[in-house]
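Colleague: One gets my numbering by counting positions in the sequence shown from 1 and adding 481 to each. Using N, Cα and C, we set each Cβ at its ideal position, and we do this for glycine too.
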Amino acid sequence: MPEADSTVPFDFSSYGSEIADLAARGLNDAAGAEGVRAAMARVTGRAEEVQTSRLSTNEHLIACGPGCADCCRVNVTVLLPEAIAIAAYLEEIGAGDEINAMKIRVADTAARVRWMEDDERIRAGVACPFLDGRGWCAIYPVRPLTCRALSSTDPEQCRRALAAHGSDEEETIVVNIFQKFLMEGTFRALATAMERAGLDTTGRELCRSVTRCLLDPRLAHDFLAGKRIKFPES
Ligand code: SF4
């Protein structure tokens, strides 16, 4: 695809409408978890296509990459289609010991961070259970939109900011603002499509949501039928 002219202002409003329509069509066509995953793949695929088309100048450089997982210690909020897609991906990549151990870690982390604010979690150093032994995201193709919105231009700034978190010293992180707005806009557009379709738009913590999806094979059908998905004690 030809690179977009990055000097031309990006029309986030039109982009949001496009993503909302794309998500609505995908969710409308979906009959189960795989259909939801396909709908999410179309949404994130379009977001990545736009992101790539704008990465032409230095000010758009992003430092985030494989093995740089300093920020993977905060609570991540997902919408249900994202959690369903992640659970479907985990089921697809196998039932080996490594994946089974990861599913157990995800459930354990869900319980551990349940009542933790970001500050507390950062202080406790509770890492995301989807990090593999190399510090790579094991669910990278289906990672949440909130994770995609993290777009630091300097990993050292991230480390200093996390180290200073909760103290009086503040550390500024220079982010790629285009990517941040793009992914946050994609999240909002997905929520808009869900709301219009009468689907459950509640945002929930990543590990808790994925665990709930893994434990209930009917969840995707119930979600697509417009039922409000109950979580224990929610
Ligand atoms: S899902 Fe992946 S990118 Fe997001 S916090 Fe976890 S390991 Fe990091």
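(1) Can you give me the C-alpha to C-alpha distance between R693 and V489, rounded to a whole angstrom?
(2) Any chance the CB of R593 is under 8 angstroms from a heavy atom of the ligand SF4?
(3) Name the DSSP beta bridge partners of V559, please?
(4) In the DSSP assignment, the alpha helix (DSSP H) including L503 goes from what residue to what residue?
(5) Assess contact between the segment 671 to 686 and the segment 548 to 567, defined as three or more Cβ pairs (one per stretch) separated by less than 8 angstroms. Is contact present?
(6) For my contact list, Y570 and I620 are in at a C-beta cut-off of 8 angstroms; report their separation, rounded to the angstrom.
(7) Within its chain, find whatever has a CB closer than 7 angstroms to the CB of F493; leave out the 5 residues flanking it on each side and keep chain order.
(8) According to DSSP, simplified to helix, strand and coil, what is A569?
(9) Given this structure, state the Cα-to-Cα distance separating C609 from A644, to the nearest angstrom.
(10) With H, G and I counted as helix, E and B as strand and the rest as coil, what does DSSP make of C549?
(11) Spatial neighbours of D613 within its chain, please: CB distance less than 7 angstroms, with the 5 preceding and 5 following residues excluded, ordered by chain position.
(12) Could you tell me if the beta carbon of A550 falls within a distance shorter than 8 angstroms of some heavy atom in the ligand SF4?
(13) Would the C-beta of A619 count as close to the ligand SF4, meaning under 8 angstroms from any of its heavy atoms?
(14) Count the C-beta pairs between the segment 679 to 689 and the segment 653 to 662 that are closer than 8 angstroms, then say yes if the count reaches three, no if not.
(15) Keeping to the same chain, check which residues put their C-beta closer than 6 angstroms to that of I567; ignore five residues upstream and five downstream.
(16) Go through its chain and collect everything with a Cβ distance to C478's Cβ below 7 angstroms, but skip five positions before and after it.
(17) Is any heavy atom of the ligand SF4 found at a distance shorter than 8 angstroms from the C-beta of P490?
(18) Figure out for me which residue from K708, I585 and G516 has the closest Cα to the Cα of R689.
(19) If we count the other Cβ atoms within 10 Å of its Cβ and call it buried at 16 or more, is G507 buried or exposed?
(20) Could you check whether the Cβ of R624 sits closer than 8 angstroms to any heavy atom belonging to the ligand SF4?
(21) Given N539, which residues of its chain have a CB within under 6 angstroms of its CB, disregarding the five upstream and five downstream residues?
(22) Considering T627, what are the terminal residues of the alpha helix (DSSP H) in which it resides?
Modeller: For this structure:
(1) Straight-line spacing of the CA atoms in R693 and V489 works out to 43 angstroms.
(2) no
(3) R685
(4) F493 to D510
(5) yes
(6) 6 angstroms
(7) Closer than 7 angstroms at Cβ, skipping near neighbours: F662 and G666.
(8) A569 falls in the helix class under three-state DSSP.
(9) 17 angstroms
(10) coil
(11) Taken in chain order, the residues that qualify are A619.
(12) yes
(13) Relative to the ligand SF4, the beta carbon of A619 is positioned inside 8 angstroms of a heavy atom.
(14) no
(15) I620, V623 and V691
(16) Here the chain has residues from 482 to 715 only, and residue 478 is not among them.
(17) no
(18) The residue with the shortest Cα to Cα distance from R689 is I585.
(19) Burial call: buried.
(20) Indeed, a heavy atom of the ligand SF4 lies less than 8 angstroms from the Cβ.
(21) Unreliable placement is indicated for N539, whose pLDDT of 49 sits below 50; no coordinate value is reported for it.
(22) Its alpha helix (DSSP H) spans residues L626 to A630.
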